[in-house]
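Counted the way this note's numbering counts, the sequence shown spans residues 2 to 171. Every residue gets a Cβ at the ideal spot worked out from N, C-alpha and C, and that includes glycine. Step one of this worksheet: look at the structure below.
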Amino acid sequence: MTLLDRAYDRKVPLDDVKALANEAGGYPIAVLQARYALKRVLRSQYNVQFTEVPDQPNLDWGPLPLYECGRMDGTNEEKSFETWMLSDLSLCKDIAEFSSFAIALRGGALKAKPKATASSEAITIPPPAPTPANPPAQAQAPAGPNKAVLIGGVVVVAVILAVIAAMMSG
Numbered sequence: 002m003t004l005l006d007r008a009y010d011r012k013v014p015l016d017d018v019k020a021l022a023n024e025a026g027g028y029p030i031a032v033l034q035a036r037y038a039l040k041r042v043l044r045s046q047y048n049v050q051f052t053e054v055p056d057q058p059n060l061d062w063g064p065l066p067l068y069e070c071g072r073m074d075g076t077n078e079e080k081s082f083e084t085w086m087l088s089d090l091s092l093c094k095d096i097a098e099f100s101s102f103a104i105a106l107r108g109g110a111l112k113a114k115p116k117a118t119a120s121s122e123a124i125t126i127p128p129p130a131p132t133p134a135n136p137p138a139q140a141q142a143p144a145g146p147n148k149a150v151l152i153g154g155v156v157v158v159a160v161i162l163a164v165i166a167a168m169m170s171g
């Protein structure tokens, strides 16, 4: 998971990500494999309903995590990937179903939570404010049909009748 955390963190230099990926099989395939490992964990342990979780990643999809991480070499490479991506429905589904997780990874979701300190443990949450004895009256919708709905309905009926009349006379 360290590889994913660093790959999706744009503050980490790309050379550091590549060095870490080289230990796990090479860049960018190692990042893609780590991404699928995370998807398998999310599916099996947290019941996330992914449809695209291959046991072996498609090597053609190597640029996928680079695209999600925002680490492609400029807008031309990104545009080319997006154009190519549209030709592969499985790839589109994979990106779509993982998009919220990719955003969370870019936001640092895999980083360790800071340990509580004495000052943070001392923070207390005040009790809720008491509610007034007589809460304000709830605004109620006016009884009866809405004028706009009635007018819209009349217009639709008039158009339908006009079309029927035109068909019968013609």
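Report, in whole angstroms, the separation of the C-beta atoms of residue i and residue j, which I expect to be a contact under 8 Å.
| i | j | result |
| --- | --- | --- |
| Leu4 | Ala25 | 6 Å |
| Gly71 | Pro29 | Actually they do not touch by this definition, with Cβ atoms about 13 Å apart. |
| Leu33 | Pro58 | 5 Å |
Using a Cβ-Cβ cut-off of 7 Å (strictly less than) and excluding sequence neighbours within five positions of residue i, which residues of its own chain qualify?
| i | result |
| --- | --- |
| Arg36 | Leu5, Pro66 |
| Arg41 | Val54 |
| Asp89 | none |
| Ala31 | Leu4, Ala22, Ala25 |
Over what stretch of residues does the alpha helix (DSSP H) that includes residue i continue unbroken?
| i | result |
| --- | --- |
| Ala31 | 30–47 |
| Lys19 | 15–23 |
| Asp95 | 90–107 |
| Asp6 | 3–9 |
| Thr76 | 75–86 |
| Glu69 | 65–70 |
Counting only beta-carbon atoms, is residue i nearer than 7 Å to chain D?
| i | result |
| --- | --- |
| Gly26 | Annotation note: the requested chain D is absent from the structure, which comprises a single protein chain. |
Alpha carbon to alpha carbon, what distance is there between residue j and residue i?
| i | j | result |
| --- | --- | --- |
| Leu87 | Asp74 | 19 Å |
| Lys80 | Tyr68 | 10 Å |
| Ala50 | Arg44 | The sequence as given places Gln at residue 50; Ala does not occur at that position. The alpha-carbon atoms of Gln50 and Arg44 are separated by roughly 6 Å. |
| Ala20 | Ala110 | 22 Å |
| Arg107 | Arg7 | 9 Å |
| Lys94 | Ser101 | 13 Å |
| Tyr47 | Ile104 | 18 Å |
| Ala97 | Thr52 | 11 Å |
| Leu60 | Arg11 | 23 Å |
| Asn77 | Asp16 | 21 Å |
| Lys112 | Phe99 | 18 Å |
| Trp85 | Met2 | 28 Å |
| Gly27 | Glu83 | 23 Å |
Using C-beta distances below 8 Å, list every residue in its chain close to residue i, excluding the 5 sequence neighbours before and after it, in chain order.
| i | result |
| --- | --- |
| Pro55 | Tyr37 |
| Glu122 | Low confidence applies to Glu122: its pLDDT is 48, below 50, so where it sits in the model is not reliable, and the reading given next is rough at best. Hits under 8 Å: none found. |
| Val13 | Arg7 |
Using a Cβ-Cβ cut-off of 6 Å (strictly less than) and excluding sequence neighbours within five positions of residue i, which residues of its own chain qualify?
| i | result |
| --- | --- |
| Val18 | Arg7, Ala8 |
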